[in-house]
Amino acid sequence: MRAMQTQTRNGERTVAAWLLVCCALVFAMVVVGGVTRLTHSGLSIVEWQPIVGTLPPLNEAAWQETFGKYKQTPEYRLVNPGMSLEGFKGIFWWEYVHRLLGRLIGAAFLLPLLWFALRGRIPRELAWKFAAIFGLGALQGALGWYMVQSGLVDNPRVSQFRLTAHLGIAFLIYAAMLWIAFDLLFARAGAVSRRLRRFASALAALVFVMALSGGLVAGTRAGLAYNTFPLMNGRFVPPEIFALEPWYLNFSDNIATVQFDHRLIAWLLAILVAWFWVRVRRNPVSERAKLGADLLLGALALQIALGIATLLLAVPVPLAAAHQAGALLVFSAALFAAHSLR
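Take the sequence shown: its letter number 107 is residue 698 in the numbering used here, and every next letter is one higher.
What follows is the structure, encoded as C-alpha cells:
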C-alpha cells in the first residue's frame with residue numbers, strides 16, 4: 592500500500608513539474624509578447640499560417656516576398672515608409688519568435704498530456720480541466736491573429752479590446768496550469784478562517800483586473816501621457832477623465848481615464864495587500880501561507896516601483912517589458928497565497 596502511495600505521489604509530482612514547465616513557457620510568451628508590442632513588431636507578419644509559418648524566410652527571395660507583403664500594409668505606408676529589408680528583419684523576428692513560442696507551448700502541453708493519459712497518469716477529475724486549457728490555448732492562437740487583423744486595416748494599431756483579451760486569456764491559461772500544479776504539490780491547509788480565504792481569492796481576482804487594466808493602458812498607449820507621479824500633471828483626478836461622449840467610452844478610449852483607473856487599482860491593491868499581510872500574520876496559519884503573503888507583498892512593491900519608473904521615463908522598452916513580466920509575478924504570488932489558505 593505504501594509503495595502504491597509513493598508511486599502515485601511521484602506521478603503527481605511529475606505531472607506538476609510538466610505543468611510548471613508549461614507555465615514557464617507561457618511566462619516567456621507574455622514577456623516576448625510585451626517586447627513585440629513595445630517594439631511595434633506585431634504587424635510585421637501579415638499572414639496566419641499555423642503549420643507552414645513555422646519556418647522563417649530561408650533565402651533572399653523569401654525575405655523579399657515576405658517584406659513585399661508587409662509593404663502593402665497601412666503600417667508600412669503610414670509609419671515605416673522607406674524601411675529597409677534589414678529594418679524589417681528587426682521587427683519580423685520578434686513577432687516570429689512570439690508565434691513560434693505559441694506553437695512550442697501547444698506541443699509542450701499536448702504531447703506530454705497524451706503520454707500521461709496513455710499511461711493512466713491523468714485522474715478523471717483533471718481530464719476535463721486539461722481539455723479546457725487546451726481549448727483556451729487554441730482560442731488564444733485564433734484571438735492573436737484576430738488582434739493582428741485589427742491593425743492591418745486603415746489604422747495601423749491593434750484594437751485595445753482584442754489586445755486586452757489576448758493578454759487576459761494568457762493569464763487565465765497560466766493560472767489554470769499553476770493552480771493544478773499547486774493542487775498536485777501541496778496538501779490542503781486545513782482549518783483556516785473563511786474570511787481570510789475569501790480575502791486571498793479576492794486579491795487574486797483584483798490582480799487579474801489590474802493586469803487587464805494594464806492591457807488597456809498598453810493598447811491605448813496611455814503610458815506616454817501624464818508622465819508624473821504621484822499626481823497626473825498636478826492633479827490627483829485629471830479634469831479630462833469624462834471628456835468623451837457617451838460617458839462609458841472614457842473607460843476604454845480616453846487615455847486620462849484609462850491611466851487613472853490603472854493607478855487607482857494599484858493604490859487599492861497596495862492598501863489591501865498590506866492589510867492582507869497583517870491579517871495573515873495575526874492568524875494561526877501555515878508557514879506556506881505566511882510565505883505566500885510575503886511573496887505577494889514583495890512582488891507588488893516591486894511591480895509598483897517598476898510601474899512608476901516606466902511612467903516617469905515615458906515607457907522605455909526594457910522597463911515596460913519588466914513591468915509586464917512583473918504583473919505575472921504578482922499574479923503568481925497572489926495565486927500561491929490564495930492556494931496556501933485552501
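No residue lacks a Cβ here, since even glycine has one placed at the ideal position from N, Cα and C.
1) Would you report the Cα separation of GLY805 and ASN818, rounded to the nearest angstrom?
2) Measuring only the C-alpha atoms, how far is CYS613 from GLN655?
3) By Cβ distance below 8 Å, which residues in the same chain neighbour GLY889 in space, the five residues on each side in sequence not counted?
4) For ILE764 and GLY728, which I take to be in contact (beta-carbon distance under 8 Å), what is that distance rounded to the nearest angstrom?
5) Give the DSSP-derived three-state secondary structure of MET674 in the structure shown.
6) Considering LEU860, what are the terminal residues of the alpha helix (DSSP H) in which it resides?
7) Out of TRP838, ALA615, HIS689 and PHE927, which one is the CA nearest neighbour of LEU776?
8) Are the CB atoms of ALA795 and ALA929 within a distance shorter than 7 Å?
9) Comparing C-alpha positions only, which one of GLY659, GLY814, VAL622 and VAL606 sits nearest to ALA913?
10) According to DSSP, simplified to helix, strand and coil, what is ARG826?
11) Can you round the beta-carbon distance between THR811 and ASP844 to whole angstroms, since I take them to be within the 8 Å contact cut?
12) Report the option in ALA918, LEU932, PHE922 and PRO909 whose CA atom is closest to the CA atom of THR627.
13) Taking buried to mean at least 16 other C-beta atoms within 10 Å of its own C-beta, is GLN751 buried or exposed?
14) Could you tell me the distance, in whole angstroms, from the CA atom of PRO875 to the CA atom of VAL864?
15) Measure the beta-carbon distance from ALA892 to THR901 and round it to whole angstroms, keeping in mind my assumption that it falls under 8 Å.
16) Excluding five sequence neighbours on each side, which residues of the same chain lie with their C-beta closer than 7 Å to the C-beta of LEU835?
17) Do LEU616 and ALA699 have their C-beta atoms closer together than 7 Å?
18) What residues in its chain sit with their C-beta under 8 Å from that of GLY602, if we drop five residues either side in the sequence?
19) Let me know the secondary structure DSSP gives GLU836 once reduced to three states.
20) Can you grab the Cα-Cα spacing for the pair GLY759 / ALA809, in whole Å?
21) Taking the C-alpha atoms as reference points, what is the distance between GLY921 and PRO647?
22) Would LEU932 and LEU787 qualify as a contact pair, given that the criterion is a beta-carbon distance under 7 Å?
23) Kindly indicate the opening and closing residues of the alpha helix (DSSP H) around LEU935.
24) Under 8 Å: do the segment 825-834 and the segment 856-871 share three or more Cβ pairs, one atom per stretch?
25) Determine the burial state of THR755: buried for a count of at least 16 other Cβ atoms within 10 Å of its Cβ, exposed for fewer.
26) Which same chain residues, not among the five before or five after LEU629, have their C-beta less than 8 Å away from its C-beta?
27) Does the beta-carbon distance from ALA813 to ILE832 come in below 7 Å?
Per the coordinate set shown:
1) Indexing the sequence shown from 1 puts residue 805 at position 214. Indexing the sequence shown from 1 puts residue 818 at position 227. Near 15 Å, if we compare the C-alpha coordinates of ASN818 and GLY805.
2) The count along the sequence shown starts at 1 and reaches residue 613 at position 22. The count along the sequence shown starts at 1 and reaches residue 655 at position 64. Each residue's Cα considered, the two are about 35 Å apart.
3) Walking along the sequence shown from the start, residue 889 turns up at place 298. The residues are ALA924.
4) The residue you call residue 764 lines up with position 173 of the sequence shown. The residue you call residue 728 lines up with position 137 of the sequence shown. Confirmed, Cβ separation roughly 6 Å.
5) As a position in the sequence shown, residue 674 is number 83, starting the count at 1. The answer is coil: DSSP assigns MET674 none of H, G, I, E or B.
6) Position 269 of the sequence shown holds residue 860. That run of the alpha helix (DSSP H) goes 846-873.
7) For the purposes of this step, residue 776 is taken as residue 185 along the sequence shown, with counting starting at 1. The shortest Cα separation from LEU776 among TRP838, ALA615, HIS689 and PHE927 belongs to PHE927.
8) Position 338 of the sequence shown, counted from the start, is the residue given in the question as residue 929. Position 204 of the sequence shown, counted from the start, is the residue given in the question as residue 795. Contact: yes.
9) As a first step, residue 913 is located in the sequence shown; it is residue number 322 there, counting from the start. Nearest option by C-alpha distance: VAL622.
10) Translated into the one-based positions of the sequence shown, residue 826 becomes position 235. Of the three classes helix, strand and coil, the one that applies to ARG826 here is strand, per DSSP.
11) As a first step, residue 811 must be located in the sequence shown, where it is residue number 220. As a first step, residue 844 must be located in the sequence shown, where it is residue number 253. Their Cβ separation, rounded to whole angstroms, is 7 Å, which keeps THR811 and ASP844 in contact under 8 Å.
12) For the purposes of this step, residue 627 is taken as residue 36 along the sequence shown, with counting starting at 1. Cα-wise, what sits closest to THR627 is PRO909.
13) Working through the sequence shown from its first residue, we reach residue 751 at position 160. The residue is buried, with at least 16 neighbouring Cβ atoms inside 10 Å.
14) Along the sequence shown, one-based indexing puts residue 875 at 284. Along the sequence shown, one-based indexing puts residue 864 at 273. When rounded, the distance between both Cα atoms is 18 Å.
15) Taking the sequence shown and counting its residues from 1, one reaches residue 892 at position 301. Taking the sequence shown and counting its residues from 1, one reaches residue 901 at position 310. The pair is not a contact, with the Cβ atoms about 15 Å apart (cut-off 8 Å).
16) Translated into positions along the sequence shown, residue 835 becomes position 244. These residues qualify, in order along the chain: ASN841, ASP844 and ASN845.
17) For the purposes of this step, residue 616 is taken as residue 25 along the sequence shown, with counting starting at 1. For the purposes of this step, residue 699 is taken as residue 108 along the sequence shown, with counting starting at 1. In this structure, ALA699 lies closer than 7 Å to LEU616 by Cβ.
18) Translated into the one-based positions of the sequence shown, residue 602 becomes position 11. Correct list, in chain order: ARG712.
19) Here the question's residue 836 lines up with position 245 in the sequence shown. In the structure shown, GLU836 sits in coil (DSSP, three-state: anything other than H, G, I, E or B).
20) Walking along the sequence shown from the start, residue 759 turns up at place 168. Walking along the sequence shown from the start, residue 809 turns up at place 218. Taking the straight line joining both Cα atoms gives about 13 Å.
21) As a first step, residue 921 must be located in the sequence shown, where it is residue number 330. As a first step, residue 647 must be located in the sequence shown, where it is residue number 56. In the sequence as displayed, the identity of residue 921 is Val instead of Gly. So the two alpha carbons sit approximately 35 Å from each other.
22) Along the sequence shown, read from residue 1 onward, the residue named residue 932 stands at position 341. Along the sequence shown, read from residue 1 onward, the residue named residue 787 stands at position 196. Cβ atoms of LEU932 and LEU787: closer than 7 Å.
23) There is no way to answer for residue 935, as the model of the chain reaches only from 592 to 933.
24) no
25) For the purposes of this step, residue 755 is identified with residue 164 of the sequence shown, where counting begins at 1. When all chains shown are included, THR755 counts as buried.
26) Against the sequence shown, residue 629 aligns to sequence position 38. These residues qualify, in order along the chain: VAL906, VAL908, ALA911 and ALA912.
27) Residue 813 sits at position 222 when you count from the first residue of the sequence shown. Residue 832 sits at position 241 when you count from the first residue of the sequence shown. Not a contact, by the Cβ cut-off of 7 Å.
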